[in-house]
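*Asks:* Below you will find the structure I want to go over with you.
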Amino acid sequence: MKKHCLFCQEIVEMEQIGEYDRFKGCMCSHDSYYNLLSDDYSAIQDYPYDQKNKLFPYISAYIRERVDQGESVSLSLADVQELAVHNKAPSTVEEKETRLLLYLRGRVTGHGEPVNLYPLDRQYNLIASSNLQEFVYVIERLRDSERIDRIGNVLRLTSKGWREAEAMREQAESSKGGAAEGAETALREVGTDE
Ligand SMILES: [Zn+2]
């Protein structure tokens with residue numbers, strides 16, 4: 000049967016697996032799936048509108064990141080509440096730029112390799128956004144500041160973008176190790192768990 004994914008709003012194939020609804024192929028997991036405790040679906044659906052607006056794009060991004068790393072994701076209402084407390088969604092445009100730069104860096108092994116974001120209109124959860132317009136805006140800003148090249152759906156870090164992403168990765172690594180007093184970019188929050 001088809002069911003509405005609460006986090007990305009797409010209507011996709013859902014299979015009941017034990018106590019869980021398994022959502023297949025929505026924007027949250029693309030070619031994969033994630034599970035949501037069936038009994039908790041309504042309670043999550045009943046979140047107030049403004050909370051949904053802030054939280055659900057972030058949860059979609061969270062699922063996608065985990066699934067991309069090959070993890071199996073199963074969520075309950077308690078998990079959603081936990082994610083709400085520790086919501087690390089990028090909120091400013093600059094933080095969203097950073098998130099996209101780091102994603103592009105993470106997708107390639109070497110400088111100059113392209114990343115194909117097809118279909119582009121199903122990728123905006125990469126920056127925990129709730130709409131395509133904002134995603135395109137962030138892409139255009141990265142292009143205007145010469146941090147990426149873009150041909151249609153294909154994005155590529157420029158030398159400047161690559162250097163910036165590398166620096167942010169190093170900074171995130173060192174702040175994980177607890178030695179990042181000098182860290183000063185938006186990435187600081189991304190790198191710290193507590
Ligand atoms: Zn979804």
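Numbered according to numbering that gives the first Met the number 0, the sequence shown spans residues 0 to 193. Ideal placement from N, C-alpha and C gives every residue a C-beta, glycine not left out. Predicted model, so just to flag it, every value in this text is computed and none were measured.
What residues in its chain sit with their C-beta under 6 Å from that of E14, if we drop five residues either side in the sequence?
*Replies:* Closer than 6 Å at the Cβ level, and outside the excluded window around E14, lie R21.
*Asks:* On the three-state DSSP scale, how would you describe L156?
*Replies:* Reduced to three states, the DSSP call for L156 is strand.
*Asks:* Would you mind sorting M0 into buried or exposed? The rule is 16 or more other CB atoms within 10 Å of its CB.
*Replies:* Burial call: exposed.
*Asks:* Do three or more CB pairs link the stretch 133 to 142 to the stretch 99 to 119 at distances below 8 Å?
*Replies:* Segments in contact, yes.
*Asks:* Using the Cα positions of E188 and W161, report the straight-line distance between them to the nearest angstrom.
*Replies:* With a pLDDT of 41 at E188, under the threshold of 50, the predicted position of this residue should be treated as unreliable, and no value is reported.
*Asks:* With a threshold of 16 other CB atoms inside 10 Å of the CB of L35, please say whether the residue is buried or exposed.
*Replies:* L35 is buried by the Cβ-count criterion.
*Asks:* Would you say I62 and C27 are within 7 Å of each other, going by their C-beta atoms?
*Replies:* Cβ distance < 7 Å, so I62 and C27 count as in contact.
*Asks:* By DSSP, does E183 sit in helix, in strand, or in coil?
*Replies:* With a pLDDT of 38 at E183, under the threshold of 50, the modelled position of that residue is not reliable, and no figure is offered here.
*Asks:* Just to confirm the assignment, what range does the beta strand (DSSP E) spanning L35 have?
*Replies:* Unbroken beta strand (DSSP E) run through L35: 32 to 36.
*Asks:* Under 6 Å: does the beta carbon of M26 sit that close to some heavy atom of ligand 1?
*Replies:* Yes.
*Asks:* Would DSSP call Q8 helix, strand or coil?
*Replies:* Coil at Q8, not helix or strand.
*Asks:* Distance, Cα to Cα, Y33 vs V72?
*Replies:* Approximately 5 Å, taken between the alpha carbons.
*Asks:* Quick one: what's got a C-beta closer than 6 Å to E193's C-beta in the same chain, skipping five residues either side?
*Replies:* At E193 the pLDDT is 37, less than 50, meaning the model places this residue with poor confidence; the figure from the coordinates comes in the next sentence. Same-chain partners within the cutoff: there are none.
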